[in-house]
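Here the structure is laid out as structure tokens; the discussion comes afterwards.
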Amino acid sequence: MHINLKNKNILVTGASRGIGHAIAKHLGHAGAQVAMHYRSSRVATEELAASIGNNSFAIQADLGKKDEVMNLFSKVLSRMSHIDVLVNNAGIAIKSPIQKKDSDWTDDFQETIETNLVSVAVLSKMAVNHFMQGDGGIIINISSRAAFRGETSDYVAYAASKGGIVSLTKTIAKEFGKQGITAFNIAPGFVLTDMAQQFIDEFGEDFVKNQLSLNEITKPDDLGPLIVLLASGLAKHATGSTIDINAGSYMH
Ligand code: NAP
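Just so it is clear: in the sequence shown, position 220 is 220 by the working numbering, and no numbers are missing.
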């Protein structure tokens with residue numbers, strides 16, 4: 001089946017690198033107009049937007065800053081007539097051992113929750129209000145295997161932020177389905193990006209591979225087709241669900 005997203009307007013956060021870059025690329029190749037958000041990687045994001053076409057564009061915001069999160073949605077709407085799909089992908093993983101000074105550990109925890117969870121909640125809230133003024137819409141939130149399996153103790157905040165995303169997304173799916181709004185969690189395992197590289201550098205590639213059922217580590221492009229399917233609306237009856245994409249490393 002060939003999926004055509006020609007008339008879809010989509011906002012992807014963290015589209016400059018890694019998973020978000022691949023998602024934005026796949027959505028664009030399927031015909032969508034994509035607002036590609038970045039924090040600091042302007043050149044890479046503008047190059048991707050130009051290579052995709054479809055009037056796609058790059059747009060900047062630091063999602064760790066409340067005012068910038070709140071402005072992002074309206075900045076996108078000043079360049080697109082409306083938004084059909086929101087993909088909350090941007091995120092951080094700060095290594096923060098429990099031996100760290102209490103105040104530093106707390107700063108790390110707060111920064112992680114602000115960036116990974118509060119920004120997702122605020123953008124989702126704005127999207128729900130926007131979708132209710134039209135014919136509905138789709139929210140796709142990038143959570144993590146860590147929400148279900150737990151994470152190493154250095155990444156407590158990361159796992160907690162991803163668990164928060166799961167219940168946030170289920171609640172949106174439960175409460176707003178009758179208004180034509182659907183919401184999905186994606187729970188990747190290790191995906192070969194800058195973020196995962198810090199784990200691989202520390203523990204080695206074999207440590208990661210030994211956890212997998214497949215014989216290769218997931219690449220960002222492996223997520224693209226699934227996101228295209230969800231963005232098409234063809235999988236709307238799966239609303240509220242979490243889709244694992246972890247090479248069979250964790251099944252729940
Ligand atoms: P990545 O390669 O580190 O890229 C992170 C992306 O988020 C970049 O586009 C970055 O923008 C953006 N970003 C970071 N901090 C930001 C901030 N304060 N404000 C706005 N944007 C910010 O990460 P990734 O591996 O692709 O991860 C993407 C998502 O998948 C994350 O939510 C992550 O938790 C999740 N995930 C990843 C893995 C994995 O193994 N890689 C596994 C499970 C879940 P700039 O480039 O402009 O800084």
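Think of the CB as a built atom: it goes at the ideal place given N, C-alpha and C, for glycine as much as any other residue.
What I want to know is whether the C-beta of residue i ends up closer than 7 Å to one or more non-hydrogen atoms of the ligand NAP.
i, result
"ALA15", "yes"
"ASP154", "no"
"LEU72", "no"
"GLY28", "no"
"ASN89", "yes"
"ASP62", "yes"
"ALA58", "no"
"ALA289", "Since the first and last residues shown for the chain are 1 and 252, residue 289 lies out of range."
"TYR250", "no"
"GLY145", "In the sequence on display, residue 145 carries Arg and not Gly. Answer for ARG145: yes, Cβ within range of the ligand NAP."
"ARG39", "yes"
"THR182", "no"
"ILE172", "no"
"PRO188", "yes"
"GLY20", "yes"
"ASP194", "yes"
"ILE142", "yes"
"VAL191", "yes"
"THR106", "no"
"THR115", "yes"
In three-state DSSP terms, what is residue i?
i, result
"ILE23", "helix"
"ILE142", "strand"
"GLN99", "coil"
"HIS237", "helix"
"TYR250", "coil"
"ASP62", "coil"
"ALA35", "strand"
"PHE190", "coil"
"THR169", "helix"
"ASN54", "coil"
"ASP84", "coil"
"ALA90", "coil"
"ALA183", "strand"
"THR115", "helix"
"ILE200", "helix"
Looking at residue i: is its Cβ nearer than 8 Å to the Cβ of residue j?
i, j, result
"ALA61", "HIS37", "yes"
"VAL228", "ILE19", "no"
"ASN7", "ILE83", "no"
"SER161", "LEU123", "no"
"GLY14", "GLY91", "yes"
"ASN88", "ILE142", "yes"
"GLY150", "THR239", "no"
"ALA157", "ILE186", "no"
"LEU5", "LEU27", "yes"
"ALA93", "TYR155", "yes"
"ARG17", "THR193", "yes"
"LYS236", "THR182", "yes"
"ILE3", "SER232", "yes"
Could you give the C-beta distance for residue i and residue j, rounded to a whole number, given that I count them as a contact under 8 Å?
i, j, result
"VAL208", "ILE165", "Wrong, their Cβ atoms sit about 23 Å apart, outside the cutoff."
"PHE184", "ILE217", "About 23 Å; that fails the 8 Å criterion."
"VAL34", "ILE59", "Wrong, their Cβ atoms sit about 10 Å apart, outside the cutoff."
"GLY163", "ALA147", "4 Å"
Could you compute how far the alpha carbon of residue i sits from the alpha carbon of residue j?
i, j, result
"VAL85", "GLY248", "28 Å"
"MET80", "PRO97", "43 Å"
"THR115", "ALA127", "17 Å"
"GLN99", "SER153", "10 Å"
"PRO188", "ASP244", "6 Å"
"GLY31", "LYS75", "22 Å"
"SER40", "LYS95", "20 Å"
"ALA159", "GLY64", "17 Å"
"ALA173", "GLN198", "33 Å"
"LEU168", "THR242", "12 Å"
"GLU111", "PHE203", "25 Å"
"ASN246", "LEU226", "13 Å"
"MET70", "LYS125", "10 Å"
"ASP67", "PHE73", "11 Å"
Measuring only between beta-carbons, confirm whether residue i sits less than 8 Å from chain D.
i, result
"GLY150", "The chain labelled as chain D is not found in the depicted structure, where only one protein chain is given."
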